[in-house]
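Numbering (my numbering), first residue to last: 9 to 212.
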């Protein structure tokens with residue numbers, strides 16, 4: 009009996025504002041399926057009744073607005089100053105995102121490799137099914153400017169609180185099999201094209 013071949017699973021991670029979503033869009037333009045864990049988590053928090061029930065139990069009715077939409081600003085104000093609350097929130101959402109991503113993988117088994125994008129990630133093979141991890145880097149000052157540009161309602165203090173609750177750049181680099189420099193001194197697209205060639209080579 010032949011076991012269906014699974015595509016390689018490549019993790020893409022980076023700190024907030026590093027540009028990991030931009031890197032993923034380039035891979036998508038190359039025909040590679042991308043699972044965006046952060047955006048899927050946002051969708052699931054608005055539509056998954058299990059998540060809704062458990063988040064309300066943890067953080068109260070204010071976690072959702074009157075029209076039933078996930079109240080990101082309220083939740084952020086609670087969890088980003090309380091590491092234990094943040095951990096409990098992640099324990100609610102992450103298992104549901106993992107189950108969703110595993111279902112997604114079954115829909116893309118014909119591809120040589122797929123991309124899983126997430127802010128939180130372990131080294132490949134450590135508690136996950138990833139074959140390689142790509143870390144996207146950029147200077148912190150540039151990352152803060154990018155976030156302010158795309159979300160001007162966020163204060164610098166709020167952005168810095170989010171950064172503080174993420175692992176450091178040094179810790180993130182210990183996860184990396186490959187690093188993508190998304191600063192202002194190196195062209196981004198040639199780096200991704202080179203990695204695409206390398207990853208295709210691993211599937212042969």
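Here a beta-carbon is modelled for each residue, glycine too, at the ideal position from N, C-alpha and C.
Can you tell me the Cα-Cα spacing of residue i and residue j, whole angstroms?
i           : j           : result
residue 42  : residue 125 : 7 angstroms
residue 62  : residue 96  : 10 angstroms
residue 75  : residue 161 : 21 angstroms
residue 105 : residue 60  : 14 angstroms
residue 143 : residue 187 : 5 angstroms
residue 78  : residue 71  : 6 angstroms
residue 23  : residue 212 : 32 angstroms
residue 9   : residue 135 : Below a pLDDT of 50, predicted positions are generally treated as unreliable, and residue 9, at 46, falls in that range; the measurement from the model is reported next regardless. The straight-line gap from Cα to Cα measures roughly 28 angstroms.
residue 69  : residue 120 : 44 angstroms
residue 180 : residue 127 : 10 angstroms
residue 167 : residue 155 : 8 angstroms
residue 5   : residue 153 : A question about residue 5 goes unanswered here, because the residues of the chain that appear run from 9 up to 212.
residue 115 : residue 210 : 21 angstroms
So, for residue i: in the same chain, excluding its five sequence neighbours on each side, which residues have a beta-carbon less than 8 angstroms away from its beta-carbon?
i           : result
residue 169 : 88 and 89
residue 137 : 17
residue 66  : 93, 96, 97 and 100
When burial is assigned at 16 or more other CB atoms within 10 Å of the CB, is residue i buried or exposed?
i           : result
residue 192 : exposed
residue 56  : buried
residue 165 : exposed
residue 99  : exposed
residue 44  : buried
residue 39  : exposed
residue 206 : exposed
residue 202 : exposed
residue 49  : buried
residue 92  : exposed
Going along the chain, which residues of its own chain have a beta-carbon closer than 7 angstroms to the beta-carbon of residue i, five neighbours each way excluded?
i           : result
residue 113 : 122
residue 141 : 19, 21, 129, 131, 132, 183, 184 and 185
residue 26  : 144, 145, 146, 151 and 190
residue 11  : Legend: pLDDT at residue 11 = 48, less than 50; position of this residue unreliable, value from coordinates given subsequently. No residues qualify anywhere along the chain.
residue 158 : none
Taking only three categories from DSSP, how would you classify residue i?
i           : result
residue 24  : coil
residue 123 : strand
residue 211 : helix
residue 35  : helix
residue 7   : With the chain covering only 9 through 212, there is no way to say anything about residue 7.
residue 83  : helix
residue 194 : coil
residue 199 : helix
residue 11  : With a pLDDT of 48 at residue 11, under the threshold of 50, the modelled position of this residue cannot be trusted; read the value that follows with caution. Looking at residue 11 - three-state DSSP - the assignment turns out to be coil, as it is neither helix nor strand.
Excluding the 5 residues preceding and the 5 following residue i in the sequence, name in chain order all residues of the same chain whose CB lies nearer than 6 angstroms to its CB.
i           : result
residue 36  : 42
residue 196 : 190
residue 174 : 23
query: What are the start and end residues of each continuous alpha helix (DSSP H) run of 4 or more residues lying completely inside the segment 103 to 190, in chain order?
result: Correct list: 148 to 158, 164 to 173 and 177 to 181.
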